[in-house]
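Residue numbers (our numbering), protein chains in the order written: chain A, 11 to 577; chain B, 1385 to 1637.
Okay, here's the thing in structure tokens:
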């Protein structure tokens, strides 16, 4: 027995066991790190942050593109049908609420980002920030709130990006419904297999992981997204809104030109949510005179049919060229209609010319629509009708304008009397295209109510107030940024941006909540600084600051674009 | 006594020794195999971290300089390489470690991955599309032009494909082969993987080092796969990320 015990087989067996144990320990320790929740969450945080940055950047880049009618909208989640196919990662064109699904990584241009469990990210968007269908247009501007329910409260969150973590078994309790998660390879994916508890029902939670919850949620708030959107919108306003505004009253038919245009008066600044947006004579900065006479404008306080209307104390009168008039008679049958009747005699084409004065034209953005004037004529009253063909106008210093509307009618020869009747209702003074929410170039500005966040400034000398020798010069134009040599600016816009103190209190009538530093002092000098979002006021650094300048019109030397920021 | 003495010094038989050695070598081999796989995994993770760090450094460079850096070339030792105003090698260069301050470099100053292979870098150098004005070229690598041309400009060259099958010198070919579309990637950072020195021999890896604007990225494939071994690791910067970063820094629009 003693001899056998010394043969050492047991030692070899022991050695083998020890080697195996050490090998196991060695290999398992190498893997152990990844099991630590903290490291997983760190890694998820990096991936989520990258996704968030890509999402905001994508949104801003898209918003800057001409033709984007809903600037600021977020891409929909991956289309469920794309799950597991070669199209995975491509957004769904439209998404109804609740807009939740996998992050459209390919649309954003990312690689297929995965969390520490190897699972692609998920993503949910607040109502109002995603397009449910092709018919719905959104209203997104600096004051738009997030509406996602996060941690039990409706918050300023516009989207959440979620790392779903490994599949777990969810126990019933609280907001959690019992569910055993599985991750089938084929779609469409079931939400419950990836997200847990409140994240399934749309009450998103950012809480720590536990036995029945292992989602890691990153919020994308209004404050995250709006500065990027404002940059894109300011860029687009410079390209699309400034030229439209420049051309409103700059045409030979107004007696003006692109080289020396007139600008409407501003609306005194008041709560942009309730202002009537009517310009006031002698007001040179404030809100855009965005009052509309469009019947479709609805209950909006800026909409009224009879702000720009006939001045019934003057005229109307009628003259003719190419013929003669017999017993012309003109009147205003009502406040919104000018009418002239009589008899014309002539050979060939006779041009009937009605003149009348419109009030408040320079307090709004209007364009003449002579086609809306009707002319009835005939040997007996009236057998034929036509419409106006051309028009012109000249402004008066009080902002009214004398309008001339022309209509061509056929003369039947010398000595043959033809009855006529010219009727011009307020349709001949139509809203300028800039006010039209359906305009393909500028409609986004109206529909998304960006005009509520825009401060309009004009040099006094470039308004009708300075007639007849109007036009600002180096002594009285607006100035910006102290550039050298000084540029002479006829008109500019300031995009006020998000409230830096309390976004929830918008809209309000406090100009200091909209503009900062040099822009708020009611002077003629404006400034553009880099956006600074600090919560603490620091005049030494002009912080906080989020105004953006849009130069509408200037006198040579031209400003350099894009505008160089002050420090 | 003499007999028992003989027993004591007898030792193991050859057969016993052989069995023991076989067992030990088997155990060691399996342990070594696992260790080598673990080392590879570590190197892959480390390379991924370095690529991410490179990405962040490039974006940080963009914030400081208002532009993207040009790639380094074999002759520039980790410094940006310009020819006139353009990059000497927009699509076929290396990460400009010196310009962006990348820490892990080889003796010549090039950024390296965990296998000491040089990290490569490509930047959008062709004329962008969709610009509101101009564009004055070059766009992404020139601070003045980047700002003047504006944030509607989208890159129009770099593209990432699923495989090299069907690609051309400028596109991925069939739509099913596309990972990113042509108007989204402004810069691309990638490592050539463990087989970087020898080259994988497959057409997918070859597409990444041929100096054109078309790149291939997919999950790793072993030797013998249809398009050869593939172990390149890649990350890229989208135009939205770049503009978003520059907007946040107050440098755009």
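The C-beta atom is built at its ideal place from N, Cα and C for all residues, glycine as well.
Note that the structure is a prediction, hence the values are computed from the model and not measured.
Under the assumption that residue 1477 (chain B) contacts residue 1465 (chain B) (Cβ atoms under 8 Å), give the Cβ distance between them as a whole number of angstroms.
About 6 Å; that satisfies the 8 Å criterion.
8 Å Cβ cutoff met for residue 222 (chain A) and residue 167 (chain A)
no
Are the CB atoms of residue 456 (chain A) and residue 500 (chain A) within a distance shorter than 8 Å?
No, these two residues do not count as a Cβ contact at 8 Å.
Just curious, the beta strand (DSSP E) that residue 403 (chain A) is in, first and last residue?
400-405
Strictly under 8 Å for the Cβ-Cβ distance: is residue 1514 (chain B) near chain A by that measure?
yes
Return the residues of the segment 232-246 of chain A that lie within a Cβ-Cβ distance of less than 8 Å from chain B, sorted by chain order.
237, 238, 241, 242, 244 and 245
Looking at chain B, is there any beta carbon in it that lies within less than 8 Å of the beta carbon of residue 58 (chain A)?
no
Check whether residue 1517 (chain B) and residue 1539 (chain B) have beta carbons under 8 Å apart:
no
Among A:523, A:320, A:68 and A:287, which has the Cα closest to the Cα of residue 1621 (chain B)?
A:68
C-alpha gap between residue 187 (chain A) and residue 131 (chain A), whole angstroms
22 Å
Could you tell me the alpha carbon to alpha carbon distance between residue 194 (chain A) and residue 1608 (chain B), rounded to whole angstroms?
One C-alpha to the other measures close to 29 Å.
Starting from residue 564 (chain A), follow the beta strand (DSSP E) in both directions and report where the run begins and ends.
558-565
Taking 8 Å as the cut-off, does the segment 225-238 of chain A touch the segment 421-433 of chain A (at least 3 CB pairs, one atom from each stretch)?
no
Cα separation between residue 238 (chain A) and residue 1523 (chain B)?
20 Å
Positions along the segment 1418-1438 of chain B whose CB lies within less than 7 Å of some CB in chain A
Here the close residues are 1418 and 1422.
Does the beta carbon of residue 1505 (chain B) sit closer than 8 Å to a beta carbon anywhere in chain A?
no
Residue 356 (chain A) to residue 430 (chain A) span [Cα, whole Å]
Separation of residue 356 (chain A) and residue 430 (chain A) (C-alpha to C-alpha, rounded to the nearest whole angstrom) is 13 Å.
Would residue 475 (chain A) and residue 292 (chain A) qualify as a contact pair, given that the criterion is a beta-carbon distance under 8 Å?
yes
Who are the neighbours of residue 1627 (chain B) on chain A, taking C-beta pairs under 7 Å?
Here the neighbours are 67, 70 and 71.
Closer than 7 Å at the beta carbon, the chain B residues around residue 510 (chain A)
Under the 7 Å cutoff, chain B gives no residues; its nearest Cβ is about 15 Å from residue 510 (chain A).
Residue 1530 (chain B) in three-state terms, based on DSSP
Under the three-state reduction of DSSP, residue 1530 (chain B) is assigned to helix.
When you compare each of B:1428, B:1485 and B:1412 to residue 1578 (chain B) by their alpha carbons, which one comes out closest?
B:1428
Who are the neighbours of residue 1576 (chain B) on chain A, taking C-beta pairs under 9 Å?
Those do not exist, as residue 1576 (chain B) stays about 17 Å from chain A at its closest Cβ, beyond 9 Å.
Tell me, which residues are paired with residue 1513 (chain B) by DSSP?
Answer is B:1538, bridged to residue 1513 (chain B).
Please classify residue 151 (chain A): does DSSP put it in a helix, a strand, or coil?
coil
Just to confirm before moving on: does the CB-CB distance between residue 90 (chain A) and residue 283 (chain A) stay below 8 Å?
no
Please list the partners that residue 572 (chain A) has in chain B, where partner means a Cβ-to-Cβ separation under 9 Å.
1531, 1532, 1534, 1636 and 1637
Following the continuous beta strand (DSSP E) through residue 318 (chain A), name the residue where it begins and the one where it ends.
Per DSSP, residue 318 (chain A) belongs to no beta strand (DSSP E) and is neither H nor E.
Just verifying my parser: in three-state terms, what is the DSSP assignment at residue 491 (chain A)?
coil
Residue-level contact to chain B via CB, residue 120 (chain A), 8 Å cutoff
At least one chain B Cβ lies under 8 Å of residue 120 (chain A).
Could you tell me whether any Cβ in chain A is nearer than 8 Å to the Cβ of residue 1411 (chain B)?
yes
Ignoring anything shorter than 4 residues or poking outside the segment 105-175 of chain A, list the alpha helix (DSSP H) runs there in chain order.
115-118
What did DSSP end up calling residue 308 (chain A) once you bin it into helix, strand or coil?
It is coil, neither helix nor strand.
Assuming contact is defined by CB atoms lying nearer than 8 Å, are residue 5 (chain A) and residue 110 (chain A) in contact in what I supplied?
In the structure as shown, chain A starts at 11 and stops at 577, and residue 5 (chain A) therefore has no counterpart that could be examined.
Are any of the Cβ atoms in chain A nearer than 8 Å to that of residue 1458 (chain B)?
no
What do you get for residue 34 (chain A), buried or exposed, if any count of 16 or more other CB atoms within 10 angstroms of its CB means buried?
exposed
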